[in-house]
Every structure is written in C-alpha cells, then in structure tokens.
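Quick notes on the structure that follows.
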Amino acid sequence: EAGVVQSPRYKIIEKKQPVAFWCNPISGHNTLYWYRQNLGQGPELLIRYENEEAVDDSQLPKDRFSAERLKGVDSTLKIQPAELGDSAVYLCASSVPPPLGTEPYEQYFGPGTRLTVT
Amino acid sequence: RKEVEQDPGPFNVPEGATVAFNCTYSNSASQSFFWYRQDCRKEPKLLMSVYSSGNEDGRFTAQLNRASQYISLLIRDSKLSDSATYLCVVNTQTGANNLFFGTGTRLTVIP
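Chains as they are written, first to last, in the working numbering: chain A, 329 to 446; chain D, 1014 to 1124.
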C-alpha cells in the first residue's frame, strides 16, 4: 500500500515569493495533518482536517498561511508571501480517526517538503 | 511552558550498551503517550505506545509515571541501527489525534 505522498520534496524560493505544498494521504485515512518541523525541534501541528473540514487550525499563521482539502482527500498548504523564518520541513500525516473515548491511532507521515527561503 | 520536554542529547553510546531517555509533560489531563523514531532527514515513525503498566517490545521498554508526568524509554543491547532521534509524544484529548511532540533526543550508537 502506498504511503503518504508529498511534493515537492525540496523547494528553494526567495523571500516574499509564494509557495505551495501538496499532500496525498493514505487511502481511507479521513484525518490529515500538516506539521512544520524546524531544525532540532519536533513537529508542530499547523492544521488538522477531518475529511474536508479543518477542525484545528489554531496554530496556523493565518496572515500568510492557508490550506485546503476540498474533496476530503488530497490537500494543499500555501504560504504567501514566504519569510526567512518559514524555512523548515513541512510534514503531512494521515490517520484513521479513533472512536470517541479511545486512544488515537498511529499517524503516518510523508517524507516532507524541505523549504529554504533565501 | 512547553507541552513536552526532552533532553536533546546527543547521547553517544557503544554497541551493546543500555541507554535511557526521559521526557516530562505539562498537561496532567494528557491521555495517551508514544515514542516516535525519526532517522536523519526522514519522517517520524511510531516506535511504540506507552501504557501506565509499562510495556516492552523486544529490546525496548517504555514506562509512564502519571503522578510525576514522566515518560521513559529504555533501549537494551544497543545496535548501530538504533541511531536516530527519539521523539516523546503526548496526546491531550481523547477521541482525537492532538499530538504534541518533544524536541527529540538524538542517539548515536558507536561501533
């Protein structure tokens, strides 16, 4: 079975330019996450989708970041305009939502997009 | 205060050594606990869940102390292939995957 697919794997852009990342989750995984991982840090959640609904976007910097998952399958994360501090690895993950009151299911991560803003 | 705190290391140990990683979490209402492994320039992958009674998977043992809000991972008989970053992960909400990751502890096993 194919894992979480992300593209591009690497992106170098100049500051103030826009950039977009794409993610295709594992088939049948209703929950999709976008994380940002800075060097030497753990992943930090940006946004979580249940199907096409963004259920947690509290950590998404909404002035420059946007995301969509229109058909509840693949998703796009956009930054416009990019800043130097946005350089990081952007990870997409997916999982099956757990029944209420139970432990969360494993999150499966994609390989990430390594963004460098110059 | 961070949700999850870990010693970033690095830990450099010889093959065959036993090594332990510790982690503390700030939210006493946290529900579920995990260790993820992340190889250099790769994505994180689930290593094991952590249960109150403690659990073991081969050379790996995970323990949880809810009173102290403390999680540990013990690796026995370290192998070269154990070299990676180990991320302590906490879920604060039942029925939802709201994971908070620690900064990770980097382990290098030396021949």
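Where a beta carbon is used, it is the ideal one built from N, C-alpha and C, also for glycine.
{"Asked": "Residues in the stretch 1048-1079 of chain D having any Cβ partner in chain A nearer than 9 Å", "Found": "Tyr1049, Gln1051, Arg1054, Lys1055, Glu1056, Pro1057, Lys1058, Leu1059, Ser1062"}
{"Asked": "Nonlocal neighbours in the same chain, by C-beta distance under 7 Å from D:Thr1096, ignoring five residues either side", "Found": "It should be pointed out that residue 1096 of chain D corresponds to Ser in this sequence rather than to Thr. If we look at D:Ser1096 and ignore the five residues flanking it on each side, its Cβ neighbours are Leu1120, Thr1121, Val1122."}
{"Asked": "At least 3 beta-carbon pairs within less than 8 Å: the stretch 334-341 of chain A vs the stretch 436-445 of chain A", "Found": "yes"}
{"Asked": "D:Arg1050 versus A:Phe437: straight-line alpha-carbon distance, rounded", "Found": "12 Å"}
{"Asked": "3-residue-minimum beta strand (DSSP E) runs that sit fully inside the stretch 1067-1113 of chain D, ordered along the chain", "Found": "1068-1070, 1073-1078, 1083-1088, 1097-1104"}
{"Asked": "C-beta atoms of A:Ser422 and A:Val332 nearer than 7 Å", "Found": "yes"}
{"Asked": "Residue closest to D:Thr1105, alpha-carbon to alpha-carbon, out of D:Asp1070, D:Phe1114, D:Tyr1099", "Found": "D:Phe1114"}
{"Asked": "D:Asn1111 classed as buried or exposed, judged by whether at least 16 other C-beta atoms fall within 10 angstroms", "Found": "buried"}
{"Asked": "8 Å Cβ shell around A:Glu434 - same chain, five flanking residues per side excluded", "Found": "Ser423"}
{"Asked": "Whole-angstrom distance between A:Lys390 and D:Val1026, CA atom to CA atom", "Found": "44 Å"}
{"Asked": "Chain-ordered chain A contacts of D:Thr1116 [CB-CB under 8 Å]", "Found": "Gly368, Gln369, Gly370"}
{"Asked": "Minimum Cβ-Cβ distance from A:Phe349 to chain D less than 7 Å", "Found": "no"}
{"Asked": "A:Gly413 at chain D interface by Cβ criterion, 7 Å", "Found": "no"}
{"Asked": "Rounded separation between D:Ala1075 and A:Lys406 - CA only", "Found": "38 Å"}
{"Asked": "Nearest-angstrom Cβ-Cβ length linking D:Pro1023 and D:Thr1116, presumed shorter than 8 Å", "Found": "Actually they are not in contact, since the Cβ atoms of D:Pro1023 and D:Thr1116 sit about 12 Å apart, beyond 8 Å."}
{"Asked": "is_contact[D:Leu1100, chain A] using C-beta, thresh 7 Å", "Found": "yes"}
{"Asked": "Any C-beta of chain D under 7 Å from that of A:Glu380", "Found": "no"}
{"Asked": "Beta-carbon proximity list for A:Leu412, same chain, < 7 Å, skipping 5 on both sides", "Found": "Lys343, Val445"}
{"Asked": "Under 8 Å by beta carbon: chain A residues contacting D:Pro1021", "Found": "Gly368"}
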